[in-house]
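Each remark here refers to the structure printed beneath this line.
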Amino acid sequence: MSAGQLPARLSRAIAFPGQAAPPVRMVHLGLGAFHRSHQAWYTHHAGDASEWGIAAFTGRRPRAADILAEQDGVFTLVERSGAADSFEVIGSIVEAVDGADVKRLAELIAAPATVVVTLTITEAAYAAAGDETPLARLVAALAARKDADAGPIAVVSCDNLSGNGTVARKAVQAIAEAADPALGQWIRVNVSFVGTSVDRITPRTTPADLVEVAEQCGYRDEAAVVAEPFRNWVLSGDFPGGRPRWEDAGAVFVDDLEPYENRKLWLLNGAHSILAYAGLVRGHTTVAEALADEVCRAAVEAFWDEASRHLSGKALDVPGYRQALLERFGNSRIAHHLSQIATDGSTKLRMRALPVLAAERAQGRSGDGAARMIASWIAYVSATEDVQDPLAEDIRTAKTHDGEQRTAALLALINPGLAEDTALLSHIHRQQSAIDAARTHA
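Going by our numbering, the residue at position 308 of the sequence shown is 1418; the numbering climbs one at a time, nothing skipped.
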């Protein structure tokens, strides 16, 4: 290659010469970095990977599909440990499609060969209304499958929701029933909803990451993804049409998902929320920076102590899980930006803070650690102009109040009942005021 000449763009022919792409048997909604580092990785490493191709549809913007389509769906996964990077090309995505292409979505889901639909559509999307939402598009595509008499199919939620399989089922069922009771009945009989707990830290890819891939791998990859080496996937539910052998790649199938789900939602995601809101308020930008701040670290440990009291079972290994999280969060080579984690707080706190707060108070304790997570969010949104949240307009309105009235108005957006508890309201307001007073870290 002559000086100044750009390396070739990554393609399936470059990555897997002489190999045919797997046939489409799965559809994914919510094509983004996490899907590529998680479900696509597990499918690529399944023992029967050659039988399972993924057609992945974007969410809000088509850019990811446009970039991947130019590369035949293949991309580089950069595993970034504390010591070094490793590179692997993932080939399980065989079609990348703009999420607005509802015609192609209906064609694929109506095909008898398609037997699994996975979702990473964000927590807020399950409550969103309108014909253009991911779940509304899914229901329309399931109607096409019903009309084609294409047989049963599994829908697998991979979003950070408690009981995500049940939440997905109820949301899909409600949309279907409103559109056509006969479709609702067909879905009850022919569509299974699988719950999962997913885990892999996947920060945004930077221009420097793309340069590194070009230098180390000898090709250009505009769709490269960076992730930590750790990964975890726990699933519970039925796959009536079959599924990839994800267990060959380390996925775990269980009868009772809830303990694993709570461990992840409370310990990992809950800590992320604390680090994001408390860390941003104190001037930090990444998870590793915030964890190194004694104030943020103490807030995480206090919440973990509360949450751990409500996680039982030797299989969970809560002490080991907590230690592993500290090591993962402390990996400064993974630039997991707090601003990325801080989005959609009004939705996330309902699943991360409120269950622990309720459990602690039910046993006569204050729930101080969970309350501090909420107070940190209030401090963050109070000081931030452009809050990324499904309730952004309501947050702006709540911020027109002052003092404890503002705290009450913001708290009511998470749970109206909490704002009516005067003792708890005063406690959270005092915490928030203390956070504001120590806004700038040393």
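Glycine included, C-beta positions come from ideal geometry on N, C-alpha and C.
These figures come from a predicted structure and were not determined experimentally.
**Request:** Assign threonine 1153 to one of two classes, buried (16 or more other C-beta atoms within 10 Å of its C-beta) or exposed (fewer than that).
**Result:** buried
**Message:** Looking only at its chain, what residues have a beta carbon closer than 6 Å to the beta carbon of valine 1199, apart from the 5 residues adjacent to it on each side?
**Reply:** Ala1125, Val1184 and Thr1186
**Prompt:** Under the three-state reduction of DSSP, which class applies to valine 1410: helix, strand or coil?
**Reply:** helix
**Asked** Comparing alpha-carbon positions, which option in Gly1157, Leu1178, Arg1122 and Gly1128 lies nearest alanine 1143?
**Response** Leu1178
**Asked** Using the beta-carbon count (16 or more within 10 Å), is aspartate 1358 buried or exposed?
**Response** exposed
**Asked** To the nearest angstrom, how far is it from the Cα of arginine 1247 to the Cα of glutamine 1541?
**Response** 43 Å
**Request:** Would you give the residue range spanned by the beta strand (DSSP E) that arginine 1173 belongs to?
**Result:** Careful: arginine 1173 lies outside any beta strand (DSSP E), inside the alpha helix (DSSP H) at 1173-1180.
**Request:** Could you check which residue in Val1428, Asp1257, Ala1250 and Cys1268 has the C-alpha nearest to that of glutamine 1283?
**Result:** Ala1250
**Prompt:** Is alanine 1337 helix, strand or coil by DSSP?
**Reply:** strand
**Request:** Measure the C-alpha to C-alpha separation of proline 1222 and alanine 1237 and round it to an integer number of angstroms.
**Result:** 29 Å
**Message:** Beta-carbon within less than 6 Å of glycine 1389's beta-carbon, same chain only, minus the 5 sequence neighbours each way: which residues are those?
**Reply:** Ala1400, Cys1406 and Leu1448
**Message:** Taking only three categories from DSSP, how would you classify leucine 1378?
**Reply:** helix
**Item:** Pair within 9 Å by beta-carbon distance, alanine 1264 and valine 1207
**Value:** no
**Asked** Starting from serine 1196 and walking both ways along the alpha helix (DSSP H), at which residues does that stretch end?
**Response** Segment 1195-1200 is the beta strand (DSSP E) holding serine 1196; no alpha helix (DSSP H) there.
**Message:** According to DSSP, simplified to helix, strand and coil, what is asparagine 1300?
**Reply:** helix
**Request:** Only counting runs of 4 or more residues, tell me where the alpha helix (DSSP H) segments fall wholly within the segment 1122-1191, in order along the chain.
**Result:** 1122-1125, 1143-1147, 1149-1154 and 1173-1180
**Prompt:** From Leu1141, Glu1189, Asp1546 and Asn1372, pick the residue whose C-alpha is nearest to that of alanine 1445; which is it?
**Reply:** Glu1189
**Item:** Residues bridged to tryptophan 1487 (per DSSP)
**Value:** Looking at the DSSP assignment, tryptophan 1487 forms no beta bridge with any residue, so it has no partner.
**Request:** Leaving aside the five residues before and after alanine 1544 along the sequence, list all residues of the same chain whose C-beta is less than 6 Å from its C-beta, in chain order.
**Result:** none
**Prompt:** Among residues of its own chain, excluding the 5 on either side of alanine 1101, which ones have a beta-carbon nearer than 7 Å to its beta-carbon?
**Reply:** The displayed coordinates of the chain run from 1111 to 1552. Any statement about residue 1101 would go beyond what the structure contains.
**Asked** Exposed or buried, leucine 1271, counting other C-beta atoms within 10 Å across all chains shown (16 or more means buried)?
**Response** buried
**Item:** Under 9 Å between C-beta atoms of leucine 1320 and glutamate 1338
**Value:** no
**Message:** Spatial neighbours of aspartate 1290 within its chain, please: C-beta separation below 8 Å, excluding the five flanking residues on both sides.
**Reply:** Ala1253
**Request:** Closer than 6 Å by C-beta to arginine 1482: which residues in its own chain qualify, once you throw out the five before and the five after it? Chain order, please.
**Result:** Ala1409 and Gln1541
**Alpha-carbon to alpha-carbon, arginine 1214 and alanine 1258** = 15 Å
**Message:** Under DSSP, the alpha helix (DSSP H) around threonine 1507 begins and ends at which residues?
**Reply:** 1502-1508
**Item:** Euclidean distance between Cα positions of aspartate 1241 and proline 1172
**Value:** 18 Å
**Prompt:** Helix, strand or coil: how does DSSP classify alanine 1113 here?
**Reply:** Because alanine 1113 sits at a pLDDT of 47, beneath the cut-off of 50, its placement in the model cannot be relied upon, and the following sentence gives the value as read from the coordinates. Note: alanine 1113 maps to coil in three-state DSSP.
**Message:** Let me check understanding here. Comparing Cα to Cα, which of Ala1548, Pro1117 and Arg1549 lies closest to tyrosine 1329?
**Reply:** Pro1117
**Asked** Any idea if alanine 1318 is buried or exposed, counting beta-carbon neighbours within 10 angstroms, 16 or more meaning buried?
**Response** exposed
**Item:** Cβ-based burial, aspartate 1269 [other Cβ within 10 Å; buried from 16]
**Value:** buried
**Message:** Tell me which residue opens and which closes the beta strand (DSSP E) that serine 1346 is part of.
**Reply:** 1342-1346
**Request:** Determine the DSSP secondary structure at alanine 1552, reduced to helix, strand or coil.
**Result:** Summary for alanine 1552: the model assigns pLDDT 41, below 50, so the residue's position carries little reliability; its value from the coordinates is reported in the next sentence. In this structure, alanine 1552 counts as coil in the three-state DSSP scheme.
**Buried/exposed call for threonine 1316, threshold 16 Cβ in 10 Å** = exposed
**Asked** Do proline 1429 and glutamate 1161 have their C-beta atoms closer together than 9 Å?
**Response** no
**Item:** Nearest candidate by alpha-carbon position, reference aspartate 1348, set Asp1366, Phe1340 and Gly1360
**Value:** Asp1366
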